[in-house]
């Protein structure tokens, strides 16, 4: 089974050949495996240094002059350490970027929590104009990268070190599309990334308990496929979410949002949806964010009207 | 060299809107006016001209001076200035590059504009272009770690097309002095010049003295400035950093700037 990091190195080489605007910057991670790219395109490969916030920040300058930056290092350093750079230099300025991490969750199993990262996906979802992908296999990463690396968005590709073994068809792999892996009638298991493998293995064991589990798999968290969640849970009426992400956000919350309005009682959310641009008084800013008193009254009326 | 006309414009903007950093703007306005009037290759009718030089105001809270100078050189209209920091305006307490003509980066959080300028300089080098990149930083901003990360990166990548300008107005010395700024930049391998940031003669000598090469050593001009320069009771540090003048103070400020 091909490792996602090997696919990354091969992809950079092949895309570098066809697109002279691709520039790869790393923070001393995958430096060895990227040597074919570095040797072929020495003016488009930079092992910048151990300075992740600056690597991300300077990439905004590359993006600004029309190049396509790919920034790569370990997930906690590229997302959590450099989060303000992602938020301001790319999100606020609306510049495109490709972030590719390895070592998310506890993939660096022997290096301890300093190298773990459970909140990266959630954090990236907060960034305006972001697409957040967790490919669980080399083939998925290949397709998702080629489809999206020059889409003008802030793309986050979280590469697992532990891919699943399911062979997906090309036409199943698409940004924002969930995939039904197995049919079932008793419970829906939603899962994301490489841990799909555990869901499949568990399903086999559940058959012996006379439980038929339907497995819905995602390699994209943003945009999220609400429809597939609704369709499956309408049938099974039971839901389990399985994810190697923080319990405080991620797939579970996405599922709840997907089911908003589909359950026995209305659920609505009022929250900040992106940058609240512009200037003015506090009240004017609240109104711009959609959180003014009048809008709250309107929203409550909507909820009560649904009963 | 005292650009009092620009200082009056700054203080009027701040007074009208009730928002702004007057002393931080007064310390850099002479530098900006010299850059825009004499050094930068720019076209106000085409702010995104491919062949332009890039100027990044890394200390975004000095934007009062930036807006006044962009207005003087026809990037901004009278209405833009009148609408500063209001609901209908495009100019806020920090510049937003998406909507302000001539602003190359949306700064405000310190330590971001300079790394962006490194990327622009590297991108221009990759594209084999001769445009130059100028970034203006505060001395207080030089507390930020990303400044020194970037200083190392720029030197290591030989970004001779890059010039940093430090507004050495002493803000940093109030909390964590960086009195050896020239030695620090020299230790990071940069060409270092120390000048009087309010002297046109010094500014001309410094900018004319840069040997701009796409592949070379980057230059830093450390400009000694006075925070609040131009109005006696605003000069220095303290309450005026983010203070809005009342009517009486406004009258005194205008009197000093008009003499």
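Chains as they are written, first to last, in our numbering: chain A, 3 to 309; chain B, 1176 to 1434.
Think of the CB as a built atom: it goes at the ideal place given N, C-alpha and C, for glycine as much as any other residue.
From which residue to which residue does the beta strand (DSSP E) around residue i run?
i	result
residue 1313 of chain B	1308-1313
residue 1331 of chain B	Premise fails: residue 1331 of chain B lies in the alpha helix (DSSP H), 1320-1331, not in any beta strand (DSSP E).
residue 1275 of chain B	Element bounds for residue 1275 of chain B: n/a, residue is neither H nor E.
residue 216 of chain A	215-220
residue 71 of chain A	70-76
residue 1395 of chain B	1394-1399
residue 190 of chain A	189-194
residue 30 of chain A	Element bounds for residue 30 of chain A: n/a, residue is neither H nor E.
residue 133 of chain A	132-135
residue 182 of chain A	181-184
residue 1339 of chain B	1337-1343
Beta-carbon within less than 8 Å of residue i's beta-carbon, same chain only, minus the 5 sequence neighbours each way: which residues are those?
i	result
residue 103 of chain A	74, 75, 76, 77, 80, 81, 119, 122, 158, 159, 160, 161
residue 1429 of chain B	1183, 1186
residue 1251 of chain B	1242, 1245, 1266, 1275, 1276, 1277
residue 294 of chain A	285, 288
In whole angstroms, what is the alpha-carbon distance linking residue i and residue j?
i	j	result
residue 214 of chain A	residue 183 of chain A	13 Å
residue 236 of chain A	residue 263 of chain A	12 Å
residue 285 of chain A	residue 300 of chain A	17 Å
residue 311 of chain A	residue 115 of chain A	No answer is possible for residue 311 of chain A: the residues shown for chain A start at 3 and end at 309.
residue 1327 of chain B	residue 1319 of chain B	14 Å
residue 149 of chain A	residue 34 of chain A	26 Å
residue 1341 of chain B	residue 1398 of chain B	6 Å
residue 1236 of chain B	residue 1400 of chain B	16 Å
residue 1241 of chain B	residue 1204 of chain B	7 Å
residue 1192 of chain B	residue 1375 of chain B	31 Å
residue 174 of chain A	residue 1270 of chain B	44 Å
residue 91 of chain A	residue 1290 of chain B	10 Å
residue 1268 of chain B	residue 5 of chain A	48 Å
residue 292 of chain A	residue 1345 of chain B	42 Å
residue 1417 of chain B	residue 1253 of chain B	24 Å
residue 1301 of chain B	residue 1217 of chain B	21 Å
residue 52 of chain A	residue 87 of chain A	15 Å
residue 1366 of chain B	residue 1389 of chain B	15 Å
residue 1220 of chain B	residue 1308 of chain B	20 Å
residue 250 of chain A	residue 145 of chain A	30 Å
residue 36 of chain A	residue 45 of chain A	14 Å
residue 1202 of chain B	residue 1296 of chain B	26 Å
residue 1425 of chain B	residue 1433 of chain B	12 Å
residue 107 of chain A	residue 1248 of chain B	52 Å
Rounded to whole angstroms, how far is the Cβ of residue i from the Cβ of residue j, which I believe are closer than 8 Å?
i	j	result
residue 1337 of chain B	residue 1292 of chain B	6 Å
residue 243 of chain A	residue 192 of chain A	5 Å
residue 1286 of chain B	residue 1330 of chain B	Contact doesn't hold; Cβ gap of about 18 Å is too wide.
residue 1200 of chain B	residue 1288 of chain B	The Cβ separation is near 16 Å, so there is no contact.
residue 1196 of chain B	residue 1239 of chain B	7 Å
residue 140 of chain A	residue 304 of chain A	Not a contact, Cβ separation roughly 46 Å.
residue 3 of chain A	residue 167 of chain A	7 Å
residue 185 of chain A	residue 240 of chain A	Wrong, their Cβ atoms sit about 15 Å apart, outside the cutoff.
Which stretch, first to last residue, makes up the alpha helix (DSSP H) that contains residue i?
i	result
residue 41 of chain A	37-42
residue 1256 of chain B	1253-1257
residue 1130 of chain B	The question about residue 1130 of chain B has no answer here: the residues shown for chain B are numbered 1176 through 1434.
residue 124 of chain A	122-128
residue 284 of chain A	284-290
residue 1238 of chain B	1238-1247
Who are the near neighbours of residue i in its chain, counting only those whose CB is closer than 6 Å to its CB and skipping five residues on each side?
i	result
residue 18 of chain A	24, 39, 43
residue 309 of chain A	Note that residue 309 of chain A scores 47 on pLDDT, short of 50, meaning its location in the model is unreliable; the coordinates nonetheless yield the value given after this. Taken in chain order, the list of residues that qualify is empty.
residue 1371 of chain B	1377, 1399
residue 311 of chain A	With chain A running from 3 to 309 in the structure shown, residue 311 of chain A is simply not present.
residue 48 of chain A	27
residue 222 of chain A	135, 177, 178
residue 226 of chain A	256
residue 201 of chain A	191, 193, 217, 244
residue 181 of chain A	174, 219
residue 1283 of chain B	1235, 1269
For residue i, verify whether its CB is less than 8 Å away from any heavy atom of the ligand MG.
i	result
residue 42 of chain A	In the structure on display, the ligand MG does not appear, and there are no ligands present to speak of.
Counting only the same chain and skipping the five closest in sequence on each side, list residues whose C-beta sits under 7 Å from that of residue i.
i	result
residue 147 of chain A	13, 159
residue 64 of chain A	25, 71
- [ ] Scan the region 51-82 of chain A for residues whose Cβ lies nearer than 7 Å to a Cβ of chain B and list them as they occur along the chain.
- [x] 51, 53, 55, 56, 59, 60, 61, 62, 63, 64, 66, 67, 69
TODO: With 7 Å as the C-beta to C-beta threshold (strictly closer), list the residues of the region 7-31 of chain A near chain B in chain order.
DONE: 25
Task: Cβ-based contacts, 8 Å cut-off: residues of the region 275-295 of chain A near chain B - done: 279, 280, 281, 282, 283, 286
Open item on the list: Tell me which residues of the region 80-105 of chain A have at least one Cβ-Cβ distance to chain E shorter than 8 Å, keeping chain order.
Closed with: Looking for chain E here will not work: the only protein chains present are A and B.
Open item on the list: Closer than 7 Å between beta carbons: that is the criterion. Which residues of the region 1301-1327 of chain B meet it against chain A?
Closed with: 1301, 1302, 1321, 1324, 1325, 1327
Open item on the list: Please list, in chain order, the residues of the region 1270-1284 of chain B that have any C-beta partner in chain A closer than 9 Å.
Closed with: 1271, 1272, 1273, 1274, 1279, 1280, 1281, 1282, 1283, 1284
Open item on the list: Using a Cβ-Cβ cutoff of 9 Å, what residues of the region 186-206 of chain A are near chain B? List them in chain order.
Closed with: Answer set for the region 186-206 of chain A: empty.
- [ ] Anything in the region 1325-1350 of chain B with a Cβ closer than 8 Å to a Cβ of chain A? List those residues in chain order, please.
- [x] 1325, 1327, 1328, 1331, 1332
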